[in-house]
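Report on the following structure.
This is how it looks when you write it as structure tokens:
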């Protein structure tokens with residue numbers, strides 16, 4: 003269900019825009035469609051992978067050490083050194 007929810011919020015689940023617009027509100031399981039739209043679509047897609055602007059980077063410190071304030075983990079070992 004989460005994948006259907008995600009795809010409909012990107013308006014890519016169905017060719018009928020009405021299905022995509024209604025689906026997330028019928029199954030608000032993951033989070034509020036309104037909050038997700040503003041955080042992910044507006045925040046992430048406007049500033050994709052830009053340090054201190056992309057809100058999605060803040061949610062994945064275990065994947066990418068973007069700033070010195072993020073504690074180093076073994077999963078960062080193959081990441082290129084940043085200054």
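In this note's numbering, the protein residues as written are 3 to 85. Ideal Cβ placement from N, Cα and C applies to all residues, glycine included.
Here DSSP, grouped into helix, strand and coil, assigns residue 28 to helix. Burial is judged here by how many other beta carbons sit within 10 angstroms of a residue's own beta carbon; residue 28 has fewer than 16 and is exposed. In this structure, the CA atom of residue 44 is about 11 angstroms from the CA atom of residue 36. Contact check for residue 56 and residue 50: beta-carbon distance about 6 angstroms, within the 8 angstroms limit, so the pair qualifies. Inclusion of residue 22 and residue 33 in the CB contact set at 8 angstroms is not warranted, their separation being larger than that value.
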